Each structure stands twice: as structure tokens, then as C-alpha cells.
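Each remark here refers to the structure printed beneath this line.
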Amino acid sequence: MSEIPAWIDERIDRNLDNTLTQEHVVETMLESDRPFFSIRQLHARIKPDVSRATVRNRLRELQEIDVIATETYPDSITLYYINHPESMWPLSPEGKRALNADTPLDRLSTRGFLTLSDTAGIRTLVLAGFQLSLFLFALGGALTIVGADISGTRSDITLWGTAFDLVIVSLLLLIAERTARWIRARFGPIPLLPST
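Take 3 as the starting number for the sequence shown in my numbering and just add one per residue.
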């Protein structure tokens, strides 16, 4: 079972006469990777011999003592989540730290790029290249269909050429990243540059 945080442990009722305790509901929610639960989802995770009404009653009790909060959506869907005091919205402290963490592009360094060691950053660049080339293909196609020519360029085919170049560069970068990952998996780390 997951350890209950102290702020929750101080608030919950230890009534063991109930078929379902507040503690068990909180533990079930904390153990899961899900941030939100409907009553049906919690009922399926807790016990088959406990009714949905019992689960609803424990959730109401936990909501009254400010351990659980709810969000209600159209079609009478109510989602329950742990009301973490450290975060301003229904997000666990771990989730808040993960959102504030650097993105793969923030961590990508010249060394990581040249040695193909930061695969997440390189994949992000490859995806950005594919998206940009898709945009250039669409723009070049639209300009070709309309028959418009962009002033300042020789012709609208420049967009097509740029898009093809970008796709080729992105594919080559993706192949290089996959090859480097395969070599590292098969032969272990091979330092291309001396570490500083």
C-alpha cells in the first residue's frame, strides 16, 4: 500500500466498522497513476463486494474534510481527485514538478546533438522538421493551385525544394539517431568526444 501523506493522515477517520474506510479510498487513489477518478472507476479498483453508494459516501466524507475535491462536467460526470495543498489545481506535487521540468529541447546541447546522445531532443527536432516540411508542402501546393507567385522568390517551386530538403535532412537525422541508439544498445556507450 502507498504511504499516505501526513496532511491526509491527520484528517481521515479511522473508523474500522465501515466496510470501506476513508484510508482505503485514499490509498487506492494515491497508488494509481490516474489524477482523476469517477465513482465507477474507483468502485472497480477498490473491492467488488462494496457498493457504489458506499464509495460515494466515503468520497463525500473525504470531500467534507478537504482531502478530496471534485470537478463536475456536463452529462452529470463528476471526477474526484486528491486535493493537494501544494498545487493550485488538481495536480499532484510530482505532476507539478514534471510540468515545470525542462523540455528535451531545453536540455539539448551541442555536444548532445553532435554525439547523438540526447535522443529525446533529437527526436523533437526531427518531428519539428517533419511538421515544418508538411507546412511548406501545403503552402507550396496551395500557391501552385492558385497560381500565385511570392514576390522575392524566383518561383513557388522554392517552397517545394525547401520542403524536400527539410524532409531529407530530418530523415537523415532520424536515421543517424536510430543508428547511434542501436550501436549503444549493442556495444555499450562509445564516447565520440572526450568528456569535459
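Backbone N, C-alpha and C define an ideal beta-carbon position, used for all residues, glycine too.
Quantities reported herein were computed from a predicted structural model and do not represent experimental measurements.
Collapsing the DSSP output to three states places I14 in coil. The Cβ-Cβ distance between A182 and L118 falls below 8 Å. In this structure, V69 lies away from L44, with their beta-carbon atoms at least 8 Å apart. Annotated three-state conformation of A150 is coil, per DSSP. Considering only T121, V148, G163 and P76, the residue with the shortest C-alpha distance to R186 is T121.
Considering only F39, L110 and E63, the residue with the shortest C-alpha distance to T80 is F39. Annotation: the continuous beta strand (DSSP E) that includes E73 extends over I70 to Y75. DSSP, read as helix, strand or coil, puts T117 in coil. Secondary structure of T21 (DSSP, three-state): coil. Put simply, the backbone Cα of L129 is about 48 Å away from that of V52. Rounded to the nearest angstrom, the Cβ distance from T164 to L127 is 17 Å, too far for a contact under 8 Å.
When secondary structure is reduced to three states using DSSP, F39 falls in the strand class.
Of F189, R188, G142 and G131, the smallest CA-CA separation from I170 is found for G131.
Cβ contact annotation for T74 (same chain, cutoff 7 Å, sequence separation greater than five): T80, in chain order. The beta carbon of V57 sits closer than 8 Å to the beta carbons of L22, V27, I41, L44, H45 and I48 from its chain, once the five residues preceding and following it are set aside; these are given in chain order. Under the DSSP definition of a beta bridge, L44 lacks any partner. In the DSSP annotation of this structure, the continuous segment of the beta strand (DSSP E) that includes L81 starts and ends at I79 to I84. Taking every protein chain shown into account, the CB of E25 has 16 or more other CB atoms within 10 angstroms, so this residue is buried.
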